[in-house]
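Below you'll find the structure, written out as structure tokens, and then a few comments.
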Amino acid sequence: MRVYIKFISIVYFKSLFFVFFIMTSLVFILNLLSELEFFKDENVSVSFTLFLSLLNSPIQIFELFPFILLITIQLFFIKFFENREIDIFKYSGLKNSSILNILSGLSIITGIIIITIFYHLSSNLKNIYLEIKSGYSTDGKYLAVITKNGLWIKDKIDNKIIITNASSIDKNFLNNIFITEFDENFNVIRNIKSNKIDISSNKWIIQGAKVYEENDYSNKESIYLKTNFNLERIQKLYSNLSALSFVELYQLRENYTKLNYSTTEVDMHLYKLLSYPIFLLLITLFSSVIMLNIKQIKGTTFKISIGLFFSVIIYYLNNFSYVLGSTERISIIFSIFLPILILLSINCLMLYKINEK
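If you count the sequence shown from 1, you need to add 5 to reach this note's numbering.
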């Protein structure tokens, strides 16, 4: 490895670890305050809240990585400007474009590591966090999951436990349903079989029901069943997709497809993960050209402020595009790649005559 590549790599990773440590500390403190607020009426130890904060922090750090990398590149160039190393490289024949090429390669390596290792670890920790936290939530007694065997719902209401299995969802209807009602001791009260249930509200309308009670059955044109679930709540089953690894996301997508359930959210999350290294590369180039264009401006605080300003803009641009995609105002792929295309266009414009900066 050439000496200048090794030197640039060392400065880059030192800056990255510094920013990563600062952001991790801030996220951990904010999580800790949130957990202390959540458990203020519970008899739990401080070490337990510390543990939960630690479990929940990595996935939030993952979401912040584009901004971590943006600030990392800023610190990288600030060090080069202050020590005039950028001028030394230029006098040695190393162009600005060569430095950007090295930083681009390092950012791609960083992105691949984040996606293959860091995300897998953080999603597993998030899943553990949610499982532990659900035991202290008022929703802990409710459960709704989608498997290869369809939709399964466990509900507890009016001292009864209700297990529901449906083969598919069509608009506001569950299709091919079998319901079992238990008492609190899990003794069977009755079974209900139906081809269609209207779940528009928490008061389900079971159409053409066949009710089995005490070794006998009766046919009902329609009956009502009070539950804690409706269509809106079921549609939010996996609103926290960050708790799922790549393999689990693909399995969930297959199960959604079998159930005739919308895969929009899952598809968007998968595309977002797959495009993540490209996004980090463009963030690296964007931060680099910004710093090279303002290197004559003195004041580290001002330069960092510019980076934070653009971080906020990129954050809201991403959110806006994601909302457009999730509501299907624009195609899923376009919603994911719209911020990437905008960043790419800006970078192409700003890279003009970059070696003269």
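Cβ coordinates follow ideal geometry from the N, Cα and C atoms, glycine included.
Worksheet item: Pick from Lys11, Leu60, Lys201 and Arg7: whose alpha carbon is nearest that of Ser247?
Response: Leu60
Practice prompt. With DSSP as the reference, please indicate the residues paired to Ala214 in a beta bridge.
Written response: Lys225
Worksheet item: Do Asn196 and Ile204 have their C-beta atoms closer together than 9 Å?
Response: no
Fill in: Spatially closest choice to Ile166 from Asn233, Glu40 and Ser30, by CA coordinates
Asn233
Worksheet item: When we look at the beta-carbon of Phe72 and count the other beta-carbons within 10 Å, is it buried (16 or more) or exposed?
Response: buried
Practice prompt. Quick one: residues in its chain with C-beta nearer than 6 Å to the C-beta of Leu105, no 5 flanking neighbours on either side, listed in chain order?
Written response: Ser293
Worksheet entry | Contact set for Ser128: own chain, Cβ-Cβ below 7 Å, skip 5 residues either direction | Ile64, Ser247, Ala248, Leu249 and Ser250
Worksheet item: When DSSP labels each residue in this structure, what does Glu186 get in the three-state scheme?
Response: strand
Worksheet item: Asn235 and Ser206: beta carbons closer than 9 Å?
Response: yes
Worksheet item: Can you name, in chain order, every residue of its own chain whose Cβ lies under 8 Å from the Cβ of Asn245, other than the five neighbours on each side?
Response: Lys131 and Leu135
Item to complete: Tell me whether Val49 sits in a helix, a strand or coil according to DSSP, three-state version.
Response: coil
Discussion item. If distances are taken between C-alpha atoms only, which option among Glu219, Phe22 and Phe70 comes closest to Thr289?
Written reply: Phe70
Discussion item. Using a Cβ-Cβ cutoff of less than 6 Å, which residues in the same chain neighbour His125 once the five nearest sequence positions on both sides are dropped?
Written reply: Ser250
Fill in: contact_flag[the stretch 24-39, the stretch 73-82] where n(CB pairs < 8 Å) is 3 or more
yes
Worksheet entry | Per-residue DSSP class, three states only, for Ile341 | helix
Discussion item. Just to confirm my understanding: we take Tyr321, look at its own chain, exclude 5 residues before and 5 after, and list those with CB closer than 8 Å. What are they?
Written reply: none
Worksheet item: Asp221: buried (16+ other C-beta within 10 angstroms of its C-beta) or exposed?
Response: exposed
Worksheet item: Taking just the CA atoms, how far does Ser20 sit from Leu108?
Response: 12 Å
Worksheet item: Does the Cβ of Val32 have 16 or more other Cβ atoms within 10 Å, making it buried, or fewer, making it exposed?
Response: buried
Item to complete: Using only alpha-carbon positions, find the residue among Asp175, Val193, Leu230 and Arg89 that is nearest to Glu218.
Response: Val193
Worksheet item: CB Ile83 to CB Met355, shorter than 9 Å?
Response: no
Worksheet item: For Asn324, does the count of other Cβ atoms within 10 angstroms reach 16, so buried, or fall short, so exposed?
Response: exposed
Practice prompt. Please classify Asp175: is it buried, with 16 or more other beta-carbons within 10 angstroms of its beta-carbon, or exposed?
Written response: exposed
Item to complete: Kindly provide the ranges of any alpha helix (DSSP H) runs that are 4 or more residues long and lie completely inside the stretch 67-127, ordered along the chain.
Response: 90-96 and 101-118
Practice prompt. Count the other CB atoms, across all protein chains shown, that sit within 10 Å of the CB of Asn48; report buried if there are 16 or more and exposed otherwise.
Written response: exposed
Practice prompt. Identify which residue in Gln256, Leu348, Ile114 and Thr269 has its Cα closest to the Cα of Val328.
Written response: Thr269
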